[in-house]
Amino acid sequence: MSRNEPIAGFAEIVGAEHVLTAPEERRRYAHDKLPYANFRAREGALVGTLPSLVVRPADTQELRRVVARAAELGLPLIPYGSGSGVLGGTIPLGGEILVDLQRMCRILEIDRENGLVRVEAGMNGGAFEAELNALGYTAGHLPQSLTISTVGGWAACRGGGQESSRYGKIEDIVVGLEAVLPDGRLLRVRPLPKRATGPSIRDIVVGNEGTLAIITELTLRLWALPEAEEVLVLALPDRPSALGLARRIMQAGLHPRLVRLYDERETAARTEGIAAFGERPVMANIVLCGEASLVAAEAALVRAFAAEADAVETEHRPFEEWRAKRYDSISKLWQDRGYYNDTIEVTVNWSRAAALYDAIASGVAAIHPQAHFSAHWSHVYAEGVCQYMTVRLPPMPQAEALPLHARLWQLLEGETLAHDGSIAHHHGSGLFRGPWMDEELGVGMDVLRAIKQAIDPANLFNPGKLGLPARPDAVDPYRDRGDHA
Ligand SMILES: Cc1cc2nc3c(=O)[nH]c(=O)nc-3n(C[C@H](O)[C@H](O)[C@H](O)COP(=O)(O)OP(=O)(O)OC[C@H]3O[C@@H](n4cnc5c(N)ncnc54)[C@H](O)[C@@H]3O)c2cc1C
Numbered sequence: 000m001s002r003n004e005p006i007a008g009f010a011e012i013v014g015a016e017h018v019l020t021a022p023e024e025r026r027r028y029a030h031d032k033l034p035y036a037n038f039r040a041r042e043g044a045l046v047g048t049l050p051s052l053v054v055r056p057a058d059t060q061e062l063r064r065v066v067a068r069a070a071e072l073g074l075p076l077i078p079y080g081s082g083s084g085v086l087g088g089t090i091p092l093g094g095e096i097l098v099d100l101q102r103m104c105r106i107l108e109i110d111r112e113n114g115l116v117r118v119e120a121g122m123n124g125g126a127f128e129a130e131l132n133a134l135g136y137t138a139g140h141l142p143q144s145l146t147i148s149t150v151g152g153w154a155a156c157r158g159g160g161q162e163s164s165r166y167g168k169i170e171d172i173v174v175g176l177e178a179v180l181p182d183g184r185l186l187r188v189r190p191l192p193k194r195a196t197g198p199s200i201r202d203i204v205v206g207n208e209g210t211l212a213i214i215t216e217l218t219l220r221l222w223a224l225p226e227a228e229e230v231l232v233l234a235l236p237d238r239p240s241a242l243g244l245a246r247r248i249m250q251a252g253l254h255p256r257l258v259r260l261y262d263e264r265e266t267a268a269r270t271e272g273i274a275a276f277g278e279r280p281v282m283a284n285i286v287l288c289g290e291a292s293l294v295a296a297e298a299a300l301v302r303a304f305a306a307e308a309d310a311v312e313t314e315h316r317p318f319e320e321w322r323a324k325r326y327d328s329i330s331k332l333w334q335d336r337g338y339y340n341d342t343i344e345v346t347v348n349w350s351r352a353a354a355l356y357d358a359i360a361s362g363v364a365a366i367h368p369q370a371h372f373s374a375h376w377s378h379v380y381a382e383g384v385c386q387y388m389t390v391r392l393p394p395m396p397q398a399e400a401l402p403l404h405a406r407l408w409q410l411l412e413g414e415t416l417a418h419d420g421s422i423a424h425h426h427g428s429g430l431f432r433g434p435w436m437d438e439e440l441g442v443g444m445d446v447l448r449a450i451k452q453a454i455d456p457a458n459l460f461n462p463g464k465l466g467l468p469a470r471p472d473a474v475d476p477y478r479d480r481g482d483h484a
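FYI, numbering that gives the first Met the number 0 numbers position 308 of the sequence shown as 307, with every residue one higher than the one before it.
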């Protein structure tokens, strides 16, 4: 096959202007926001390869034809939302074709009676939420990356928004969907309340990270914007009492829109000059919302629980400052100054949360005396919590830093598994978490491999991600790392 043959074939489907072949355009798509890839980029190095081309279908029919054509030619594909993923999910490992879905960007239907919205997968999250807000609604999925991610990317990665305590993670918000399978067929899950018809097909697609199906359309729950809100900023004596307060709130069945607890380090960075944190160095921000009478009742209960936890209520400034910047990213700042900054989010049951934090904090200090470690807890559930951790190495040559960075990941993921937690809460698994997937899922990983083999026997959809096999011609993404076997 000549190099131009696939290009001509795809141009026939989507139009020549929507097939990108120039090296600088392909380079733009060759990485997402995986910190490891960004460290390598400082030295001009790629973790994977360039995509062989980028194809931008306008709608589901074009996408199905692109998938069918790629299958005929035996060429692998990676669906691309907007590349805000932090696990390397869209990084090509062997010149895969990137299928950019951002032309599929419309709200298709607002169903007020059933409280549902149907939206194309490539719609930008910020544009989607703004359109809903203008109509008096929210989908309730508000990741920090809202304005740089797509709706399809949220579902593909099983993401979590900042208001997950009230609205749930994306898997709780997706009611129906459409997706294209590797053989070009369209899979449809109708948006019904609940069913009992065998295992959930929806849940095979949600979280598949482009390895099994390309999501073209989602039907999500829709909520009226809340009429009332009450904010509580609390200073607590220590981490266990803050975690205990969050557990109490969720186990009492309350529906806070926000629960954010910060360890001592992250509290100190946000509360300068506020006296309450002198004696009580751990902050909790709790926001209740909804119908005014329910908000008043829930706020009274939270205040009673807070008093039992020896918390004092203080000024709202830290919360307001967070809210004003809730969709900003600070990691670029560290990147520009030569630091090695990374964030890792895991889940753990309440009974193991405090011990997990302590084990990791001491382990980080042993890896490098100047390594930064801090954490907050901003997704809370009746049975446990997401621990969102920041680790940061000071500027140093990459040959020294990359093996230390690998040890930090091994520590954080390894301790999480040792504490019976899950290695990922909302960023997905992508490329970088592949090495831990067998330990995470156990026999479940064999089930996942069998599903992949059955749906995608030629390994055409996002090969080498989610811990699934790469293709024989794949590059080793860790070939430059000093610890590499
Ligand atoms: C500063 C910052 C803050 C972040 N904050 C959050 C947060 O609060 N919560 C959170 O959950 N995540 C967060 N993330 C991670 C990231 O934004 C999410 O994972 C997001 O859901 C990815 O969406 P995307 O459209 O950019 O997907 P991409 O990065 O383009 O793709 C991610 C993966 O999904 C696959 N994929 C994309 N679209 C589809 C589709 N339509 N069908 C099938 N597979 C598809 C890709 O192949 C890839 O494997 C953050 C990232 C950054 C950089």
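Using N, Cα and C, we set each Cβ at its ideal position, and we do this for glycine too.
Spatially closest choice to residue i from the options, by CA coordinates
i, options, result
"E162", "I77, G183 and C385", "C385"
"V205", "L440, D472, G427 and E95", "G427"
"E208", "A473, G175, P462 and E412", "P462"
"R316", "A352, A268, A308 and S328", "A268"
"M122", "G135, L180, P393 and L145", "L145"
"R259", "G337, V173 and L231", "L231"
"E412", "P471, F431 and M395", "F431"
"H371", "T389, I213 and P50", "T389"
"Y326", "V85, E23 and L141", "L141"
"D309", "A353, D237, L253 and H375", "D237"
"R201", "I169, T89 and G84", "I169"
"V136", "R480, D110 and E263", "Sequence check: residue 136 is Tyr here, not Val. Selected option, being the one with the closest Cα: D110."
"L224", "V85, A155 and G289", "G289"
"D31", "E16, V85, A44 and L253", "V85"
"A323", "Q143, V174 and R247", "Q143"
"L401", "E16, A40, I203 and A10", "A40"
"S199", "D171, R184 and G183", "D171"
Sequence-distant residues of the same chain with beta carbon closer than 7 Å to residue i, five excluded per side
i, result
"A484", "In this prediction, A484 has a pLDDT of 39, which is less than 50 and means its spatial position is unreliable; nothing more can be read from the coordinates."
"G488", "There is no way to answer for residue 488, as the model of the chain reaches only from 0 to 484."
"I6", "V18, T20 and L52"
"Q397", "F38 and E42"
"V363", "A370, F372, V390, L407 and L410"
"H367", "L392 and L403"
"H424", "G159, E344, V345, T346, H378 and C385"
"G125", "L145 and T146"
Test: residue i CB closer than 8 Å to a CB of chain C
i, result
"R336", "In the structure shown, chain C cannot be found, because there is only a single protein chain."
Chain-order list of residues whose beta-carbon lies under 6 Å from that of residue i (same chain, five-residue window excluded)
i, result
"L287", "E229, P255, V294, E297 and A298"
"A227", "A291 and V294"
"A381", "M249 and Q250"
Environment of residue i [buried if 16+ CB atoms lie within 10 Å]
i, result
"S350", "exposed"
"T196", "exposed"
"R25", "buried"
"N132", "exposed"
"D419", "exposed"
"N113", "exposed"
"K193", "exposed"
"S148", "buried"
"E414", "buried"
"P91", "buried"
"S164", "buried"
"G429", "buried"
"M0", "Below a pLDDT of 50, predicted positions are generally treated as unreliable, and M0, at 47, falls in that range; no measurement from the model is reported."
"R220", "buried"
"V446", "exposed"
"R184", "exposed"
Pair within 8 Å by beta-carbon distance, residue i and residue j
i, j, result
"A178", "V150", "no"
"L563", "A212", "One cannot answer for residue 563 here, as it falls past the ends of the chain, which runs 0 to 484."
"L76", "V98", "yes"
"P181", "L355", "no"
"T59", "T215", "yes"
"G94", "L62", "no"
"T218", "L115", "yes"
"F304", "L235", "no"
"V13", "P78", "no"
"V188", "G175", "yes"
"A352", "L242", "yes"
"G441", "P394", "no"
"A275", "T313", "yes"
Residues near residue i by beta carbon distance below 8 Å, same chain, minus five either side
i, result
"F127", "I106, V118, A138 and V150"
"D437", "M444 and G466"
"P434", "G466"
"R470", "P75, L92, G93, N458, P462 and G463"
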